[in-house]
């Protein structure tokens, strides 16, 4: 788990860009703002919590009981690949 957290730290602290090689010599470059961590939003919750409770309590409980949940990320800005 130590390696995972180290890679995650480097990804979100030191990432300069993401470069996609789409073939034919064409490379598409995305800045670090296109890489987003997941697991922090209310609709990504794994533990049930009532709507009237502070969301930070759920995040803390999930962080300590399910830490791997936060080791994922999304890459935005890839909509152009569909066409």
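In UniProt numbering, the protein residues as written are 1 to 83.
Cβ atoms here follow ideal geometry from the backbone N, Cα and C, with glycine treated the same way.
Fewer than three pairs of CB atoms, one per stretch, sit closer than 8 Å, so the region 46-56 makes no contact with the region 12-23. Residue environment: residue 44 is assigned as exposed (fewer than 16 neighbouring CB atoms within 10 Å of its CB, all protein chains considered).
Per DSSP, residue 33 is not a residue of any alpha helix (DSSP H), being assigned neither H nor E. In this structure residue 73 is in contact with residue 11, their Cβ atoms being roughly 7 Å apart against a cut-off of 8 Å. DSSP places residue 18 within a strand segment (E or B) once states are collapsed to three.
For residue 77, same chain residues with a beta-carbon under 6 Å away, outside a window of 5 residues either side, are 30, 34 in chain order. Rounded to the nearest whole angstrom, the CA to CA distance from residue 66 to residue 79 is 31 Å. Under DSSP, the beta-bridge partners assigned to residue 73 are 37.
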